[in-house]
Structure formats: C-alpha cells, structure tokens
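Single-structure report; data block below.
2 protein chains.
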Amino acid sequence: MRKYFNLAVLVIPFSSAAQGPATVNLLPYVHPIIGTQRMGHTYPGATSPFGMVQLSPDTDTIPYEQNGKYNPDVYKYCAGYQYDDKTIVGFSHTHFSGTGHSDLGDFLIMPTTGELRMNPGVADKPRSGFRSAFTHSTEVAEADYYKVKLEDYNILAELTTTTRVGFHQYSFPATDQAHIILDLLSGIYNYEDKNVWTYVRVENDTLVTGYRETSGWGRTRTVYFAMTFSRPFEQYGSRSFSKKEVYRGFWGKFDQAHNFPEIAGRQIRMHFDFHTTEGEKIKIKFALSSVSTEGALLNLRAEAPGWDFDEVRRQGQAAWNRELGKVQIRAGEEEKINFYTSLYHAFINPTVYMDVDGSYRGLDQVTHKADGFVNYTTFSLWDTHRALHPLFNILQPGRNADMIRSMLAHFNQSPEHMLPIWSFYSNEDWCMSGYHSVSVLADAIVKGNTPFDANQALDACIATSNRRSFMGLGAYIDKGYVPSEVSDVSVSSTLEFAYDDWSIAQAARKLGRTDVYAAYLKRSENYKNVFDPSIGYMRPRLKDGSFRQVFDVLSTDGQGFIEGNAWNYTLYVPHDPAGLIGLMGGKKPFVRHLDSLFTMTLPDKFFAETEDITRDGIIGGYVHGNEPSHHDAYLYNWTDQPWKTQERVRMILGNQYHARPDGLGGNDDTGQMSAWYIFTALGFYPVAPGSEEYSLGSPAIDGAIIALENGKTFSIEARDQGERNVYVRKVTLNGAELTRRYITHEEITNGGNLVFYMSSKH
Amino acid sequence: MRKYFNLAVLVIPFSSAAQGPATVNLLPYVHPIIGTQRMGHTYPGATSPFGMVQLSPDTDTIPYEQNGKYNPDVYKYCAGYQYDDKTIVGFSHTHFSGTGHSDLGDFLIMPTTGELRMNPGVADKPRSGFRSAFTHSTEVAEADYYKVKLEDYNILAELTTTTRVGFHQYSFPATDQAHIILDLLSGIYNYEDKNVWTYVRVENDTLVTGYRETSGWGRTRTVYFAMTFSRPFEQYGSRSFSKKEVYRGFWGKFDQAHNFPEIAGRQIRMHFDFHTTEGEKIKIKFALSSVSTEGALLNLRAEAPGWDFDEVRRQGQAAWNRELGKVQIRAGEEEKINFYTSLYHAFINPTVYMDVDGSYRGLDQVTHKADGFVNYTTFSLWDTHRALHPLFNILQPGRNADMIRSMLAHFNQSPEHMLPIWSFYSNEDWCMSGYHSVSVLADAIVKGNTPFDANQALDACIATSNRRSFMGLGAYIDKGYVPSEVSDVSVSSTLEFAYDDWSIAQAARKLGRTDVYAAYLKRSENYKNVFDPSIGYMRPRLKDGSFRQVFDVLSTDGQGFIEGNAWNYTLYVPHDPAGLIGLMGGKKPFVRHLDSLFTMTLPDKFFAETEDITRDGIIGGYVHGNEPSHHDAYLYNWTDQPWKTQERVRMILGNQYHARPDGLGGNDDTGQMSAWYIFTALGFYPVAPGSEEYSLGSPAIDGAIIALENGKTFSIEARDQGERNVYVRKVTLNGAELTRRYITHEEITNGGNLVFYMSSKH
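Just so you know, the protein sequences line up as chains A and V, in that order. Just so we're aligned, residue 8 is where the first sequence starts under this note's numbering, counting upward by one. Just so we're aligned, residue 8 is where the second sequence starts under this note's numbering, counting upward by one.
Set out below in structure tokens:
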C-alpha cells in the first residue's frame with residue numbers, strides 16, 4: 008500500500024466526482040498529437056469533452072475521388088491532419104477522431120495577410136494559395152487548446168472551444184491587408200458534388216450566419232453556423248467556385264461578389280478584410296447547430312457570451328481535468344501520457360448533438376427536442392460496443408445512458424425500425440456489419456445502468472435483430488447463418504449476429520423475459536453453423552448448406568469476412584469461448600491456434616490487403632488495429648494458460664501504444680483503441696459486453712483510483728508491477744483472494760480495492 | 008335602376024360578405040382554361056383562393072437550358088401547361104399563374120398501368136414513357152376542380168385542393184399493374200443541377216414524407232411534403248437518375264431500389280404499385296409545407312382529414328363562390344366569363360405561405376411564426392402594384408393588409424434591409440426594376456387600410472429606397488437619375504424610382520411626416536431628369552449629364568428600358584400626368600403622342616424583341632401585355648379629350664381579353680392583367696396607386712354590386728352601355744352629378760351608387 012499512499016499525497020482526496028474535482032493537473036499527460044502521424048487518424052486541435060465542435064487544423068484537402076476513382080491518399084486525412092505535412096490549409100470545426108472512413112471538416116477558417124488568395128494552393132508551392140507553412144516547433148496541442156505560428160503570414164493562431172462553440176484567436180502583424188478566409192467548400196473526404204448547398208447571410212459587420220449541406224458518407228447532412236467577430240470587418244466578399252450557375256447573373260441586381268449580404272451556391276468561399284496593428288488580436292466565435300442558424304446563435308450566446316479567450320480556454324481545460332480525474336493513476340511518465348491521452352481520446356466521441364435548448368435534427372431530418380437527456384451522435388458501434396461503451400458504463404454511466412436514449416430516439420425515427428449501425432449527424436451510413444447497438448443496450452441493462460425504459464430498449468433490440476432485409480438477416484433467421492451467396496461478409500455477419508443475439512438474451516434474462524431469453528440464446532449458437540470442423544475454421548457456407556470450396560484462411564479479401572481473416576474471425580465467439588474451444592477440439596488445439604496467431608509470419612501480400620493499419624499494427628497474424636481481435640489475448644483465460652493473456656496484453660500495450668505522434672498502430676476508431684488501452688492497463692477487459700464479467704489481465708500501472716459517479720471509489724493496485732513483472736501471482740478483492748479470472752461490474756460499482764500481486768514468472 | 012333590380016332578383020341580397028355568401032352560382036363563369044394557349048401562362052388545374060397548392064397538369068418538361076444555352080421553348084411552359092399539347096406528363100403541386108419567368112412544378116404525380124416506365128418519354132412517341140395522351144373533349148377545368156381522361160391508361164384523373172393539400176382521385180381499370188409515379192426531379196424551368204437535393208421517407212404503406220430543394224429562379228428553395236394514399240400500396244421502389252453518386256453503393260446494405268424506406272439524392276423518381284379492380288379509385292392527399300414534413304402532416308390532418316373527394320371539391324368550390332360573389336355583375340355571357348375568370352385569376356396570387364399553425368420559412372431560411380396574420384408569398388410587384396393590390400384594397404383589404412405584413416416580415420428578415428422586389432418561396436429573385444413594394448404599402452396607408460403599424464411600414468419604404476447598392480440607386484440619389492453607364496435599364500429605373508418616391512411622399516403626408524413628404528416629393532420629380540426636350544422622349548443620360556447619342560425610340564433592346572421602349576416609357580409618369588404634359592409641350596402634342604401610340608405601325612423587327620406577348624397583344628405601339636403601359640389609355644383624362652380614354656379602354660377590353668384558351672394577349676402576370684380587366688370593366692382605374700383617386704373610364708358591364716368587407720355595398724350601373732355605347736355622357740354618384748373625372752377610394756368604401764350614362768357619341 009505504500010505506493011498507493013504516495014500517490015494519495017499528490018491529490019486532494021475526494022469522496023465523489025460530483026462533490027468536487029481533483030485539483031491535480033492531469034492536462035500535461037494529454038498529448039493530442041499522439042495518433043496524428045500515419046494511421047491513428049486523431050486530430051491535434053481543440054475540443055471539449057464529448058464536444059459538438061472539434062476545431063482543428065487541416066493540413067491538406069485531398070479529394071475522395073480523382074478522375075472518378077477512389078483516391079487512396081484521402082485515407083490519411085480522415086481527421087484532416089497529418090503530422091508529416093508542412094502546411095496548414097486552415098482550421099475547420101468538425102472532425103471525427105480515429106475513424107477509418109470520413110466526412111465533416113466543415114467551415115474552414117484561415118487568417119492571411121497580403122494579397123487576397125481565395126484558393127488553398129498546393130503544399131509544395133509556397134504562396135500558391137491561402138495555406139501557410141508551419142513547423143512543429145511553434146505548435147502546442149493540449150486538451151482544448153491548440154496554438155501554431157502561421158509562418159507565411161506571421162500570424163499566431165490559437166484555438167479553444169466550448170461544447171458548441173469554436174473560439175479562434177489570431178494575432179496579426181501590422182498590415183492594411185489582413186483577411187479572414189471562410190472556406191465553405193472545403194471538407195474532409197470531399198469530392199465534386201459533395202457540397203449540396205451553402206447559404207450565408209452577413210447579418211451585420213460582426214455577425215455571419217448560414218448553413219452547409221453535404222452529401223458524402225453522411226448522405227443528407229446539414230450543419231448551421233453563427234460566426235461572430237471581436238471587431239467589425241471593414242469589407243467582405245464571396246466567390247463562387249462552381250463551374251456553372253445558370254441563375255448567377257439573373258440573381259444579380261447587385262455586385263454580388265462584394266459586400267452583398269446574401270450568398271448561396273455549391274462552392275463558396277468568403278473573405279473578411281481588416282486593417283490591423285502589430286499584435287492585434289482578431290477573435291472569432293463560431294457556433295454550430297444541427298437545427299438552425301437561430302440554434303447556433305442560441306448556443307453562441309449561452310456558452311460563449313464574452314471575448315476572453317483565456318477564460319474560455321481555462322474553463323474548457325478545467326472540464327477536461329474533471330473528466331480525466333475520474334481515474335487517477337500511479338505510473339511512469341510515458342504510461343501516464345499513454346493512459347491520459349487514451350482517456351482523452353475515449354472522451355471525445357460520441358459527441359453532443361443538440362442545441363443548448365435540447366433541439367436537434369433527427370434521423371428523419373426533422374427538428375426534435377431531447378426530453379430529459381443529452382442527445383449524442385457519431386456512433387461507430389462496430390468498434391465501440393466492444394470496450395468504449397463498457398468503459399462508459401464504469402466512468403460515464405450517465406452519459407452512456409444518454410447515448411442509449413439517443414440511440415432509442417434514432418430507433419423511433421428510423422423508418423427501418425432499427426437501432427443505429429454507424430450513425431452520425433442525422434444519418435445512418437450502414438457502415439460495417441452486425442447490429443451492435445443491441446450489445447450497448449444489453450450491456451447497460453445487464454449492468455443495471457438503466458435510467459430509461461429497459462423493456463422498451465429490449466424491444467428496440469428485438470425489432471432491430473428482425474429486419475430481414477438487412478445484410479442477409481432474413482436468411483440468417485431462417486437458416487441459422489448468412490449464406491455466402493447473400494453477402495460478401497457472410498461469415499463475420501453470422502458470427503456478429505450470434506454474439507449480438509446472445510447479448511439480447513442476457514438483457515432479456517435480466518428483465519425476466521424468459522421467452523426472449525430462450526429464443527435469442529438459441530440464435531446465439533448460430534456461430535456453430537459457419538464452423539467447418541474439417542479444417543477447424545469459420546468458413547463461408549452456401550445456401551445448400553455446403554461450405555464454399557475456394558477459401559483462403561489468411562486472406563482478408565473476398566473470404567466472407569470484414570476487416571479480418573478466418574484466423575482472426577474463427578476466434579470471434581466472445582460470448583461462448585468454452586463452446587468455441589469445444590468446437591476447435593479442446594483447449595490444446597485452441598491454445599495452439601492462439602499461439603500461432605500471435606507468432607505467425609504473414610506473407611507480404613496480406614499486408615497490402617489490410618487497409619487501415621500499418622505493418623506495426625500487426626503482431627504475427629494478430630491485427631490489433633482491427634477490432635474483431637480485441638478480445639483475443641484474453642481468451643487464454645478460458646484455457647489452462649491464463650499467464651499467456653497476461654504476457655500478450657502487456658506485449659500489445661507496449662507494442663501498439665507509444666507517446667509519440669505515430670504512437671497508435673491503427674485507427675483509434677472514435678476511442679475503441681483507447682478504451683482497450685485503458686481497460687487493459689487497469690488489468691481487466693470486457694470480453695463479452697452484455698456479461699457482468701471483466702476478464703482479468705495484467706495491469707500496466709502501479710495503481711489507480713476510479714471515482715465513480717455513484718460517489719464510491721474503486722481502487723486498483725499492482726504490487727511490484729514492472730516491465731518484466733507482467734505475470735499475476737495473486738489477486739485480492741477487498742483483501743480476499745480471488746479464485747476466478749474475472750471481476751464483476753457490481754464489484755466495481757460497489758467500490759473496493761483490487762490488488763494484483765505481480766511477478767516476473769508465471 | 009331597372010336593370011339593377013333585375014339583377015337583384017337573381018341573388019339573395021346580403022348586407023355583408025362576412026354574414027353570408029351569395030347563393031348565386033358564379034362558378035360556371037370561371038374558365039381556368041382561358042390563358043392556357045400561347046402567352047397567358049395560366050394553368051387549368053385546381054387551386055383554392057390564394058391557395059398554397061396549385062395542382063395542375065404539366066404537358067411537357069422542356070428544360071430551361073439545352074447544351075448550356077437558354078432554350079426559348081421553355082417560355083411556353085411557365086405554368087406547366089400548353090393547350091395545344093397532346094400529352095400530359097403528370098400533375099404537379101405548385102404553379103405560378105401568368106408569370107413571365109418561372110420555377111416550381113414540384114412533386115409531379117402520374118398514374119399509369121402496365122409495364123412500369125420511370126421516365127416521362129417524349130410527346131410524339133406514344134408509350135415512350137409514363138406520359139399519356141389526352142384530349143380536350145374529356146377535360147373539365149373549373150375553379151378548384153380538374154378532370155381528364157388519361158387515354159393511354161384508361162384512367163380518369165380528378166383533382167381538387169384545400170389551401171394546403173392537393174387531393175387526387177384516379178379511377179383505374181382492372182389491372183395487376185397499376186402504378187402511381189412520384190417524380191421528384193420534374194419541375195418547371197428545370198435544368199441539370201436545378202435539383203439540389205431530394206429526401207423521402209416511406210413512413211408506412213400509406214404515408215410518404217420528404218422534401219425537395221431546388222436552386223432555380225428561387226435560389227435556395229425547399230418544399231416539404233406529406234403524401235398519403237387511400238389504400239396501402241403493395242410495393243414501392245425508387246430510381247436515381249443522377250449521373251453519378253459516389254456513395255450510392257457504400258450506403259447500400261439493403262437493396263435500395265425496392266421497398267427501402269429512406270431515399271435521397273438529386274434526381275429521384277419513385278413508383279408505388281397496386282392491383283386494382285375495374286373503376287377502383289386510388290386517392291392521394293398531398294400536403295405541402297415550407298417548414299418541415301411535420302408541418303405538411305399538420306396541414307394534411309387539419310385541412311383534409313377524410314377521403315371524400317367530392318366533399319373536398321364542394322368546399323373548395325364554395326370558397327371560390329364566396330370570393331367571386333364579392334362582385335356580382337350584370338353583363339352578357341362572354342363578359343361574365345371574362346370578368347369572373349379575371350376575378351378568379353386575380354384571387355390566385357399572392358399565395359398563402361404558412362402552415363395551419365402559422366409556421367413559415369422566412370427569407371432567412373429560418374422557421375418563423377406569423378403572429379396574427381396570414382403569411383403570403385409570390386410577390387410579382389413590378390406587375391401587381393399597378394392594379395392588383397389596389398383591387399385588393401377594395402375587394403380583399405384584409406388579405407392585402409396581411410400581404411403587407413408578409414412584406415414587412417420579409418423586410419425584417421432581409422439582410423439588405425429592403426422590402427421585396429420579386430419574391431417567392433423564401434427567396435428574393437430581384438426580378439425586374441423599381442422598389443414597388445413601397446407603392447403597395449403607400450396605397451394601403453393612403454387609403455387607410457392599415458391594421459398594421461403604418462409608420463413602421465413607411466420606415467421600411469424609406470430604408471428600401473435608400474439601399475444605394477441596388478440597381479444604380481446610389482447614383483439616382485446623388486444625381487437625380489440613374490446614369491446610363493450604371494444600368495442597362497437606367498431610364499425606366501429612374502422613372503419607376505420617381506413614381507415609387509412619390510408614393511412614399513403620399514404615405515408620409517397621410518401620416519403627417521412632413522419632412523419625409525417634402526424630401527420624397529422632390530425625389531418624385533426626378534422623372535424630369537431623363538426627359539430630353541430636344542426630342543420629346545425619355546432618354547438615357549450619361550454620368551456627365553449629357554444624353555446618350557445613339558438611341559432608338561422604338562426599340563426595346565438596349566435603350567435603357569425594361570419591357571418597353573421610349574414611346575411607352577415616356578408616358579410612365581403616373582403620379583404627375585400634368586407635369587409630364589407640360590414637359591411634352593402641352594395637351595396637344597401629348598394627345599398626338601398618345602394617339603400615335605395606339606395607331607402607329609411598328610416595323611416587324613420590334614415584334615421579335617418583345618418576348619412575352621403575341622402580335623395580338625400589341626395595339627399600334629401600345630403593348631398591353633407589358634405593364635408599363637397599363638395606365639396609358641387613362642391619360643386622356645388629363646387632356647381635353649377624355650372620351651378617348653373611354654374609347655381606348657373599351658377597345659383594349661375587346662381586343663385583349665377573350666373567353667377562349669388563347670384569350671389573353673400576354674402573360675397574366677399573377678393577376679395584374681386580370682385586375683386591369685376588372686377595374687376597367689367596372690369603369691375606373693388606379694392610375695397612380697398611392698393616390699386616393701380612381702380615374703374614370705367606360706364600364707363594360709351593365710351593373711355591379713361590390714360587397715365590401717366593411718359590410719357596405721358599392722353599386723355601379725352603366726345605363727345603356729353596349730358595344731357602341733362606350734362613351735360616358737354623365738356620371739352620378741349617389742344621385743349627384745360628378746364634375747370630375749375620378750372617384751375616390753373613400754367614396755367606394757363608404758358605400759354608394761355610381762351611375763354611368765352611356766352614349767354612342769362623345
């Protein structure tokens with residue numbers, strides 16, 4: 008307990024997160040720059056916890072398509088920023104964190120000086136456009152604060168946010184040609200025709216309102232804004248970059264390019280011009296709304312009434328410190344950086360998606376009012392049902408319940424009568440597979456985090472799991488598997504449906520709905536229907552019941568799987584490892600399969616197939632950057648060699664997470680990769696959300712205090728933990744030795760003390 | 008008085024329109040087909056008085072552009088229908104009546120049988136698409152009722168409306184292939200890219216909702232709908248006609264073409280399929296909203312809760328009869344048809360533009376609520392300020408005041424701080440010239456029809472008339488005329504600004520704002536600044552004060568005028584005929600000019616320049632189809648030969664208005680041409696709205712009773728009136744002989760009896 012008390016000296020003890028935040032400053036451990044190089048797809052800019060605004064620099068504007076074909080270079084810019092780039096195009100207000108496909112990048116703002124340039128130019132031609140060179144030496148990226156020097160213009164740019172407002176502060180040199188560019192056509196994963204419509208009104212010489220509609224990954228997406236300047240602009244103008252506008256001349260009884268207050272079109276950029284004195288700060292507050300320009304104004308006035316940038320930053324960072332303080336760890340400096348940056352990344356998505364008065368745009372594109380909850384969006388559920396939402400059930404149960412209420416609102420608005428699959432900004436994009444919302448709902452129900460109507464939630468799960476026209480689900484219901492003819496991802500769909508069905512069964516059991524429990528428990532066994540015992544792998548099965556002949560267990564391409572191969576997906580029975588082990592011939596062959604997974608050498612060609620992770624993100628055949636394997640290392644706990652779980656998870660922690668810009672081996676996936684880190688570093692992991700059990704691993708921190716929303720505290724200690732001491736000799740819970748390989752959710756929420764006794768030997 | 012009593016026998020006398028409508032059936036005199044051939048640009052379909060829905064057949068889908076160039080053929084289809092066409096493409100829900108440019112044509116519905124065709128096909132290739140042949144022999148066009156047989160499908164189509172709901176009734180033959188096509192890409196004045204976005208949700212098997220955004224003449228236009236079927240469709244589908252949709256495949260975890268309830272894109276058509284028995288009626292109610300699909304549903308449920316087509320038709324036609332009954336005339340059959348069809352056309356626009364709860368989309372694209380008034384749109388003010396709004400001040404003062412309130416709401420929402428110029432559907436399109444809203448407001452103020460804040464209205468007029476960046480207005484304010492270098496229509500703008508300024512002065516005088524009165528009275532004399540005494544015509548003037556050298560007094564092209572030439576526009580000083588006569592050298596030369604106007608022979612080339620009227624629409628050099636001349640015939644009243652006014656107006660009435668499809672010699676211009684007819688047929692005309700005076704002409708009816716909203720009655724009698732008896736021998740008002748050539752508004756609104764004693768000799 009010595010180390011534990013050492014830690015306690017550093018903090019002012021607290022009895023509940025609600026009563027008062029820790030005063031320890033955890034912000035130095037948050038490095039938003041982590042993951043911005045290569046494949047992490049995180050962004051370095053400013054955002055508030057779960058904030059609606061993500062105000063961040065974009066370093067290029069690669070189109071999604073070139074010459075009518077997908078442009079693979081776009082993938083680097085899922086979050087708008089790549090660490091290796093030398094120029095910044097501007098600062099836009101919406102960004103996904105860590106996704107493997109993208110959209111957003113709305114309302115790019117760029118301050119410039121000198122000759123007015125209305126196009127971004129290209130990176131390798133200085134002064135070819137409004138973009139500017141920058142260097143990392145002037146760059147500061149903190150939670151809710153970003154600063155950089157725009158070298159071409161000698162402008163210091165600073166950014167911070169409130170939940171719904173981006174706050175810019177630009178320190179200009181003395182010039183009679185200072186400009187603020189508002190680029191309304193720039194976006195992430197842009198392509199010709201992605202911009203559906205843009206509408207702007209210059210209300211007066213400090214206030215501009217409008218909206219932007221796009222059709223990209225989100226098919227019907229509208230974002231409204233209200234933009235206010237700290238001082239009047241002297242003149243302004245707009246330019247349309249559309250190839251053709253039939254009526255542009257017709258509309259023009261005015262000179263529409265200069266000081267004309269109504270601007271609309273598909274490809275619009277604007278400029279606002281100033282004379283500035285040396286060091287003069289021009290500040291911009293930029294509020295968003297999904298509902299209306301009025302809503303954006305409401306948000307602006309409610310959240311950021313004043314012009315004190317430093318005060319807004321202080322409040323934003325204090326909010327972060329409160330959230331981060333929910334887990335206070337003892338660990339080495341790098342571990343702390345990895346841990347708190349992971350916690351930061353985990354607390355970005357889903358994002359708040361409503362105005363301060365509760366108004367939000369529903370899936371039906373109609374304005375709704377969130378009644379008694381905060382509405383959230385950006386549900387990357389194929390990823391986040393695994394560890395992020397379970398993490399929220401511990402650290403953010405209130406928010407998680409509101410996220411579920413948001414998902415139920417989506418359900419009510421869905422003409423397919425389905426919970427979200429992958430949804431954002433009032434759109435369902437149907438990305439990935441399974442219906443993993445049900446896992447999130449079931450996990451909350453099973454864990455008792457249900458300040459909503461749990462039976463109604465279960466009914467939504469049941470309805471979702473019976474939409475026959477969705478991805479071969481009808482055939483799955485009829486035959487017990489998705490036939491290979493019906494879907495390209497028939498095997499992973501079958502496995503994911505089976506797991507999701509199991510989670511429905513668990514929720515039904517909790518709610519005493521035994522008929523539902525029995526029916527879905529039966530459905531959950533469908534994983535067995537795609538296991539080919541003759542080869543020992545999950546395998547595509549045809550309508551006639553036979554297994555597909557042509558089959559490559561290593562390839563991820565065209566084999567019936569999504570983001571994985573047969574080696575990985577064969578292990579994807581998180582809800583019934585024992586049953587899987589039985590199918591695979593018992594524990595010995597199962598361990599052999601697992602061992603091989605982590606140690607095999609993949610032929611080169613398979614790396615090329617794996618789009619969104621670097622070679623570093625692959626350990627043997629284990630692909631940590633792709634989520635279907637996230638539970639794999641914990642499966643040793645179901646064998647006689649649980650020490651291999653301890654060894655493997657430490658190896659993965661050390662191998663896949665680093666406190667440097669390229670520190671993430673794959674897309675963070677809106678926090679799922681980070682949630683894996685947090686759970687695993689704390690020593691346990693939710694192998695099958697919907698279960699109350701967390702499988703024990705090997706803690707990578709020396710100690711942790713988790714401040715629960717119920718006011719209780721759960722502490723973890725890892726005695727003698729270290730780089731070599733990765734094996735767990737003994738575990739005690741509240742002083743009593745644990746004879747099982749898991750702890751339960753109730754044991755955490757009751758508060759208590761979990762002690763791991765670590766050793767260098769297993 | 009004998010004839011008067013004869014008429015009274017036919018009607019049940021009424022003391023006020025509010026207390027009870029006349030029971031005389033005036034509907035037989037309404038022939039919506041008038042004006043549908045050639046240049047009238049009216050439509051034959053169903054609409055309610057000032058209704059938000061105009062449900063009418065479209066007979067072709069000519070694009071606004073072909074090969075990137077304006078397609079002059081489109082002009083015939085301003086209202087969607089041309090009488091000479093042999094096929095109907097479908098029935099759409101929004102149409103302008105009589106405009107000279109166009110837009111709308113939203114949500115085209117077509118019932119078909121047999122093989123499903125998802126494109127309209129071409130007129131001369133039967134069965135090349137979903138369009139159908141029809142003949143006028145099966146066609147019935149009444150106020151708020153339209154019927155036609157669709158020959159290709161043996162379907163009887165019937166249409167009626169409520170204010171906000173289109174009601175379709177289709178009687179099908181027995182078939183297992185009955186379809187309802189919902190064409191969401193069709194529109195009037197369509198062109199590639201006009202459709203900005205379309206969004207549809209199939210809520211259940213009888214309800215479909217969605218919206219359509221377009222950018223045409225109305226730059227940022229959105230119309231929402233809710234569509235309900237009288238019986239469930241059996242299946243449905245959609246097809247996208249966009250050349251390219253980057254994400255269409257990506258979005259597709261379903262078969263999106265069949266029975267998939269979320270549809271979105273730029274170019275969408277849908278089909279709903281049925282089995283029908285012989286004569287089975289499939290009915291559709293289609294509600295509109297400017298605000299939301301929820302608003303459309305609200306309108307649907309409030310206005311058309313049931314499925315009784317005949318009852319909805321009966322109510323709609325009763326509403327028309329009440330409106331038409333405000334003027335009950337004695338006249339010959341053809342005169343009655345011309346008169347009541349004119350009254351019908353005058354009571355179509357402006358149209359109601361709000362949901363039943365008062366919600367409407369403002370000019371700022373934000374949802375507003377009309378507080379205590381009905382919000383209207385479609386203000387073709389360059390046309391309608393002349394006679395239509397003055398007519399409303401007599402027959403529809405309540406609606407006219409609400410139209411003004413709507414214009415004030417527009418002003419409040421306008422970032423230019425201007426009243427509407429030519430506005431519709433939340434858009435200002437800046438069409439034509441002048442700022443004639445001020446005339447409408449001033450006319451109501453002067454005539455005391457001000458159940459709104461008249462001073463606030465005057466302030467809006469003042470602000471509008473001082474927007475310096477509008478059409479050379481800054482130069483006009485500085486120099487007293489619009490210099491030729493600044494505008495292509497510098498002369499007509501100067502003249503129109505001067506008249507508008509005079510109307511502001513009149514309103515200011517009425518409100519006791521003497522400084523405004525003096526300033527604007529001075530501005531109203533600016534017409535003198537573009538009169539070139541050396542040639543006796545209004546003429547373009549350069550910045551340096553000199554008149555433009557190259558100048559053609561007959562041409563309408565490039566001479567500084569809009570829809571007119573120097574001959575016509577020289578007479579455009581409606582507010583100061585005496586001053587004009589002085590400029591032109593006195594009454595004799597003035598009469599000579601007027602006489603020549605009506606009798607001259609124009610060289611052929613000038614007919615080609617005059618876009619929107621046929622050769623029939625031109626009398627000598629007088630172009631009745633273009634509004635700047637509408638007061639011309641009355642100008643003889645300011646000379647010693649007032650009998651020429653009487654002669655000319657009767658000649659124009661007989662020459663320009665006929666009870667047949669090609670009965671209008673030019674565009675009806677949302678009722679301005681019709682309002683001219685009504686005033687002139689009744690025997691008086693508002694030469695200068697903003698004045699209380701109506702200039703007396705020659706009544707073309709035998710008698711009329713006008714039921715005023717204040718409960719009083721104003722009757723007109725034209726003793727011995729006839730085809731030859733066009734001259735006015737004597738006029739008595741309430742029995743006393745009139746020694747002046749005008750009556751006042753107050754004399755009308757006080758109630759009374761105006762008797763013209765007609766003669767064949769002047």
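We treat Cβ as the ideally placed atom computed from N, Cα and C, and that holds for glycine.
Secondary structure at V/Thr374: strand, using DSSP grouped into helix, strand and coil. With fewer than 16 other beta carbons inside 10 angstroms of its own, A/Pro596 counts as exposed. Every alpha helix (DSSP H) of 4 residues or more that sits fully in the region 337-419 of chain V is shown, in chain order, as 340-353, 388-391 and 395-402. In the DSSP assignment, V/Tyr71 falls outside any beta strand (DSSP E), carrying neither H nor E. If you ignore the 5 residues before and after A/Ala695, its C-beta comes within less than 6 Å of the C-beta of Pro581 and His582, all in its own chain and listed in chain order. By the Cβ-count criterion, V/His769 is exposed, with fewer than 16 other Cβ atoms from all chains shown falling within 10 Å of its own Cβ. The beta-carbon of A/Glu724 is placed no less than 8 Å from the nearest beta-carbon of chain V.
Rounded to the nearest angstrom, the Cβ distance from V/Glu532 to V/Gly441 is 16 Å, too far for a contact under 8 Å. Membership of A/Ile40 in any beta strand (DSSP E) is not indicated, and neither H nor E is assigned to it by DSSP. Within 8 Å of the CB of A/Phe380, no CB atom of chain V is found; the nearest one sits about 21 Å away. Look at the beta carbons and you see the region 285-298 of chain V not touching the region 219-227 of chain V: under three pairs across the two are nearer than 8 Å. A/Pro696 carries a strand assignment under DSSP once its states are collapsed to helix, strand and coil. The three-state reading of DSSP puts A/Pro118 in strand, counting E and B together. A residue is called buried once 16 or more other Cβ atoms fall within 10 Å of its Cβ, and A/Gly332 is buried on that count. For the pair V/Met59 and V/Phe267, the Cα-to-Cα distance works out to about 30 Å.
The beta carbon of V/Val738 lies closer than 8 Å to those of Leu703, Glu744, Leu745, Leu761, Val762, Phe763 and Tyr764 in the same chain, with the five residues before and after it left out. With respect to V/Ser510, V/Ala449 sits close: the two C-beta atoms are nearer than 8 Å. DSSP places A/Ile188 in the strand class (E or B) of the three-state scheme. For V/Val215, the uninterrupted beta strand (DSSP E) run begins and ends at Leu214 to Thr221, by DSSP.
Residue pairing for V/Tyr177: DSSP places it in a beta bridge opposite V/Ala164 and V/Ile289. Among the CB atoms of chain V, one or more fall inside 8 Å of the CB of A/Gly223. Close to V/Phe248, with beta-carbon spacing below 9 Å, lies no residue of chain A; the smallest spacing is near 14 Å.
Using a Cβ distance threshold of 8 Å, A/Ile187 and A/Phe103 do not count as a contacting pair. Per DSSP, reduced to three states, the secondary structure at V/Ala461 is helical. Within its own chain, the residues whose Cβ lies closer than 8 Å to the Cβ of A/Ser722, once the five positions on either side in sequence are excluded, are Tyr11, Gly710, Ala711, Ile712, Ile713, Gly759, Asn760 and Leu761, listed in chain order.
At a cut-off of 8 Å between beta-carbon atoms, V/Thr227 makes contact with chain A. Considering only beta carbons, no part of the region 577-599 of chain V lies closer than 8 Å to chain A. Listed in chain order, the positions of the region 686-710 of chain A with a beta carbon within less than 8 Å of a beta carbon of chain V would be empty, since no residue qualifies.
In terms of beta-carbon proximity, A/Ala271 lines the interface with chain V, with at least one pair separated by less than 8 Å. Boundaries for V/Glu754: no beta strand (DSSP E) harbours it, while the alpha helix (DSSP H) harbouring it runs His752 to Thr756, taken from the DSSP string. In summary, the residues of the region 186-204 of chain A whose CB is separated from some CB of chain V by less than 8 Å are Tyr198, Asp200, Lys201, Val203 and Trp204, in the order they occur in the chain. Taking CB atoms only, V/Thr374 has a neighbour in chain A less than 8 Å away. Sequence-distant partners of V/His752 (beyond 5 residues in either direction) whose C-beta falls short of 6 Å from its own C-beta, in its chain, are Lys454 and Glu699. Here the region 37-55 of chain V lies against the region 97-115 of chain V, with 3 or more beta-carbon pairs under 8 Å apart. DSSP places A/Lys612 in the helix class (H, G or I) of the three-state scheme. By the neighbour-count definition (other C-beta atoms within 10 Å, threshold 16), V/Ile542 is an exposed residue.
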